[in-house]
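**Student:** One structure coming up, written as structure tokens, with questions to follow.
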């Protein structure tokens, strides 16, 4: 327990040392905060202009973030929650824990954005990623996928935001026919993982032919690994979008600083960090444009998205339908 | 059929008829030690109960509704079924392996026994990937079958869940049973030999009573471990058919924020744990093999077909357990040199955490075990308290502690101490299961003598207890240290600015597409866990019992 005491001591000392400079605490998902994510770049850029200490706290994934904010229930030190998606924002708004962001300005999203509480910072389309050399002619729709012998690995909608995104994708594309799609897909689903990382690892290990990920995932392999074998399959019925957003907590003790961060989020300094660290599209394209390589990515003709309230209403029945079909 | 005389002392034969010896005889109130130890033991038992049950109560208090859905009951049924089958299969397969290891001596035996501890220490996703490299769709087994023109075998399904759970738990059971074999007093074996016992007679009169004493506890441990399985069951089960209670808890907290339901589900897990502990207690019969003089034990190694059976058992177990480990090592080794400094720093922090947790757990276990042995009826309650953490949902535990400390401190600042505490608590049942039977044996056999010599406290611990307890103590400490290296469940909630621990670093590497680095970091984690395990285990096995 000695190290615990020492750790506590350091923590106290750290608090005292920072007492003069204002601190902005942002709760974000783990891969945002990590040394390989946008966190370090964002922190450096914001601290250069705010005269403050930006603390990025990693807490699981999007769903875990909201749970954490609700657990704290306004009693925590966080000012901003960053990393929810539109399937969660209705629930988040309803908690009353968030206040309007107050930022105006244009965004480069395929759809119009008018949520007063949550502000997007990046986005991408969900897609099935495959290896071009192993799957030379990928399916062009869910129906083609269901008719093929291809094995896919997906994430559990009960524990993962991409998993929930797939449910919403099929719901948005097929409406009441979604049950039939799931029934037809059942024999293609190799397995279901709790989160994105396990699924993607299984795919990279060659266990599955395709994995539910993003149209921007191949950019990582292309740019960071110089490997152009990975590609996303374009589906005719369109692709569901994941729009990642941030919101200011009503309990923030630095509302002005929080406001400043929200505005900063849409500037080039923040947005230019996103493509090559989070491997998503920036919500507002930086002046310098997207990095080379992003132009090779699949650009779906149709963008699908349920409104937050539609997604919230659809969630529980869709999970029940999914479970009912696949548990047989 | 020939009925050879029973080599056990007469006083112990009574126990076969269900009259368990009353351990209270050896720890009465007249013993100064006997009063003090159960008291501190009770404190430990209460502390463990407060951490485990208290966290559920805190979560329950925050919830609004308590209704379970029909899907939850399906999850409960699946959870119990897979845990029971996993326990049964692990125990059945472990017996021949442990017997072979107990009575055969061969080059590399020591290394093999140590290496068998490794699967248990693997982080979940690493274990899954290792298994898939061998049994998966693209794995070695199916490649071999394909080359021979045979149809592929799918690992996904109920059998996959069992396969994975057996892979993870078989080594633990083998070690537990092996300890039982090694605890048979050498004197009994000698008497048996001088009476001309064949292998069948030894099995009937020495081995079976020992197994009756050891197997229920080992099976119980596996059952309880599998009760809270989540990612392994889901991935290898092939989808929502394999939904466990722990996954339902995950959903209840993360997406539904239905704390009441999560707490009720966690209580169901504890209820199942309590029932399992009671059942195991009922079917456990003390071996009654009695006192020995701690002479080194050499079990007779029968020749003929038994030799081949033993060889096959060892070879199959080694292949099954080590092949996935090899693939993990092979995949991770290339990235080791590229690991960033932050990963090494996190590794250092994790080792420190593991050592702190080990110290706390071992001290708590020794105290608690004394209380269990001397506490009579209350002792059984203490034992139940000691087993509770096995059935604890780490997520509910984390949420409960989070809610409990929130009014007083910023949870992020307490990440490391809370992790150490939770790891220590979660590892306690393993240590207790390993130490308790050995300590009970010591108290029964040496307790009276030690008491008549007026040995108490540290003196008794040093001269009587530790020398005989060395083997299980070393194994338990190694296991606890390795387990404490690996835990992620709780710290994720108490997340802080830096990636504090190695498991968290692996998680973040995976989330950032850095698969190769993640595999290297996972190998580092396995190596460090295994290193800690080996150091403690080696201490235990060196001159053990002499």
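Chains as they are written, first to last, in this note's numbering: chain H, 1 to 328; chain P, 329 to 874.
Quick reminder that beta carbons are idealized off the backbone N, C-alpha and C, glycines included.
Ends of the alpha helix (DSSP H) at residue 240/H?
**Tutor:** Here residue 240/H corresponds to residue number 240 of the first chain, with the count starting at 1. First-last for residue 240/H: 239–249, but that is the beta strand (DSSP E), not the alpha helix (DSSP H).
**Student:** Select from 789/P, 720/P and 678/P the residue whose C-alpha is nearest the C-alpha of residue 814/P.
**Tutor:** As a first step, residue 814/P is located in the second chain; it is residue number 486 there, counting from the start. It is 678/P.
**Student:** If you measure beta-carbon to beta-carbon, which residues of the region 737–749 of chain P are closer than 7 Å to chain H?
**Tutor:** 738, 740, 741, 744, 745 and 748
**Student:** Please name the residues in the region 535–569 of chain P whose beta-carbon is closer than 8 Å to at least one beta-carbon of chain B, in chain order.
**Tutor:** Absent from the structure is chain B; the protein chains it does hold are H and P.
**Student:** Whole angstroms is fine: what's the gap from residue 858/P's alpha carbon to residue 691/P's?
**Tutor:** Numbered from 1 along the second chain, position 530 holds the residue referred to as residue 858/P. Numbered from 1 along the second chain, position 363 holds the residue referred to as residue 691/P. Roughly 22 Å separates the two Cα atoms.
**Student:** Just to confirm the assignment, what range does the alpha helix (DSSP H) spanning residue 155/H have?
**Tutor:** Locating residue 155/H in the first chain gives position 155, counting from the first residue. Where residue 155/H is concerned, there is no enclosing alpha helix (DSSP H), although the beta strand (DSSP E) it sits in stretches over 152–155.
**Student:** Which residues, in order along the region 463–485 of chain P, keep a beta-carbon less than 7 Å from a beta-carbon of chain H?
**Tutor:** Near chain H, meaning a CB-to-CB distance below 7 Å, the residues of the region 463–485 of chain P are 464, 465, 466 and 484.
**Student:** Would you list the residues sitting across from residue 231/H in a DSSP beta bridge?
**Tutor:** For the purposes of this step, residue 231/H is taken as residue 231 along the first chain, with counting starting at 1. 130/H.
**Student:** In three-state DSSP terms, what is residue 840/P?
**Tutor:** The sequence position of residue 840/P within the second chain is 512, counting from 1. Three-state result, residue 840/P: coil.
**Student:** Using DSSP with H/G/I as helix, E/B as strand and the rest coil, what is residue 210/H?
**Tutor:** Here residue 210/H refers to the residue found at position 210 of the first chain. Strand.
**Student:** At a Cβ threshold of 8 Å, is residue 410/P touching chain H?
**Tutor:** For the purposes of this step, residue 410/P is taken as residue 82 along the second chain, with counting starting at 1. False, the Cβ-Cβ gap to chain H never drops below 8 Å.
**Student:** With respect to 7 Å, is the separation between the Cβ of residue 113/H and the closest non-hydrogen atom of the ligand HEM below this value?
**Tutor:** Absence of the ligand HEM is noted for the structure shown, with no ligands found whatsoever.
**Student:** Would you say residue 150/H reaches chain P, if we count a Cβ-Cβ gap shorter than 8 Å as a contact?
**Tutor:** The count along the first chain starts at 1 and reaches residue 150/H at position 150. By this cut-off, residue 150/H is not an interface position.
**Student:** Please look up how many angstroms separate the CB atoms of residue 212/H and residue 170/H, rounded, as I've assumed it's under 8 Å.
**Tutor:** As a first step, residue 212/H must be located in the first chain, where it is residue number 212. As a first step, residue 170/H must be located in the first chain, where it is residue number 170. That pair is no contact at about 11 Å.
**Student:** If contacts are defined as beta-carbon pairs under 8 Å, then residue 497/P and residue 553/P qualify, I think. What distance do you get, rounded to the angstrom?
**Tutor:** Sequence index remark: in the second chain, residue 497/P carries index 169 (1-based). Sequence index remark: in the second chain, residue 553/P carries index 225 (1-based). The beta carbons of residue 497/P and residue 553/P sit about 6 Å from each other, so the pair counts as a contact at 8 Å.
**Student:** Tell me the residue span of the alpha helix (DSSP H) that contains residue 28/H.
**Tutor:** As a working mapping, residue 28/H is identified with position 28 in the first chain. Here residue 28/H belongs to no alpha helix (DSSP H); instead the beta strand (DSSP E) covers 23–28.
**Student:** For chain P, check one thing: does any of its Cβ atoms lie closer than 8 Å to the Cβ of residue 184/H?
**Tutor:** Mapped onto the first chain, residue 184/H falls at position 184. So no, residue 184/H is outside the interface.
**Student:** Alpha carbon to alpha carbon, what distance is there between residue 466/P and residue 79/H?
**Tutor:** Taking the first chain and counting its residues from 1, one reaches residue 79/H at position 79. Taking the second chain and counting its residues from 1, one reaches residue 466/P at position 138. Each residue's alpha carbon lies about 47 Å from the other.
**Student:** On the three-state DSSP scale, how would you describe residue 632/P?
**Tutor:** Along the second chain, one-based indexing puts residue 632/P at 304. In the structure shown, residue 632/P sits in coil (DSSP, three-state: anything other than H, G, I, E or B).
**Student:** Are there 16 or more other CB atoms within 10 angstroms of the CB of residue 654/P, so buried, or fewer, so exposed?
**Tutor:** Along the second chain, one-based indexing puts residue 654/P at 326. Under the 10 Å beta carbon count, residue 654/P is surrounded by fewer than 16 other beta carbons and is classified as exposed.
**Student:** Specify the secondary structure class of residue 485/P as computed by DSSP and reduced to three states.
**Tutor:** Counting from one through the second chain, the residue named residue 485/P turns up at place 157. In this structure, residue 485/P counts as coil in the three-state DSSP scheme.
**Student:** Would you call the region 720–740 of chain P and the region 776–787 of chain P in contact, with 3 or more CB pairs under 8 Å?
**Tutor:** Taking 8 Å as the limit for Cβ pairs, the verdict is that the region 776–787 of chain P does not touch the region 720–740 of chain P.
**Student:** For the region 736–769 of chain P, which segments carrying the beta strand (DSSP E) assignment without a break, of at least 3 residues, lie completely within its bounds, in sequence order?
**Tutor:** none
**Student:** Which whole runs of the beta strand (DSSP E) in the region 40–122 of chain H are 3 residues long or more, in chain order?
**Tutor:** 53–58 and 80–85
**Student:** So that I know if they touch, is there some Cβ in chain H lying closer than 8 Å to that of residue 703/P?
**Tutor:** Locating residue 703/P in the second chain gives position 375, where the first residue counts as 1. So no, residue 703/P is outside the interface.
**Student:** Please look up how many angstroms separate the CB atoms of residue 156/H and residue 562/P, rounded, as I've assumed it's under 8 Å.
**Tutor:** What you label residue 156/H is simply residue 156 of the first chain in a count that begins at 1. What you label residue 562/P is simply residue 234 of the second chain in a count that begins at 1. At roughly 6 Å, the Cβ-Cβ gap stays under 8 Å, so residue 156/H and residue 562/P are in contact.
**Student:** What's the call for residue 790/P, buried or exposed, on a 16-neighbour Cβ count within 10 Å?
**Tutor:** Along the second chain, one-based indexing puts residue 790/P at 462. It counts as exposed.
**Student:** Got a sec, what are the start and stop residues for the beta strand (DSSP E) residue 335/H sits in?
**Tutor:** Given that chain H is displayed from residue 1 to residue 328, the structure contains no residue 335/H and the question cannot be resolved.
**Student:** From which residue to which residue does the alpha helix (DSSP H) around residue 813/P run?
**Tutor:** Within the second chain, the letter at position 485 stands for residue 813/P. Here the alpha helix (DSSP H) through residue 813/P covers 794–814.
**Student:** Which class does residue 854/P belong to by DSSP, given the choice of helix, strand or coil?
**Tutor:** As a working note, residue 854/P is residue 526 in the second chain. It is helical.
**Student:** Is residue 670/P near residue 830/P, with beta carbons less than 8 Å apart?
**Tutor:** In the second chain, the residue the question calls residue 670/P occupies position 342. In the second chain, the residue the question calls residue 830/P occupies position 502. No; because the gap between Cβ atoms is not below 8 Å, this pair is not in contact.
**Student:** So with CB distances below 9 Å, who are the chain H contacts of residue 836/P?
**Tutor:** Locating residue 836/P in the second chain gives position 508, counting from the first residue. 30, 31, 33, 34, 35, 36, 37 and 58, listed in chain order.
**Student:** I want to see whether chain P comes within less than 8 Å of residue 205/H, judged by CB atoms only; does it?
**Tutor:** The residue labelled residue 205/H in the question sits at position 205 within the first chain. Closer than 8 Å: yes.
**Student:** What in chain H is Cβ-close to residue 453/P, meaning under 8 Å?
**Tutor:** As a first step, residue 453/P is located in the second chain; it is residue number 125 there, counting from the start. The contacting residues are 197, 198 and 201.
**Student:** Using a threshold of 8 Å, state whether the C-beta atoms of residue 120/H and residue 244/H are closer than that.
**Tutor:** As a position in the first chain, residue 120/H is number 120, starting the count at 1. As a position in the first chain, residue 244/H is number 244, starting the count at 1. Yes.
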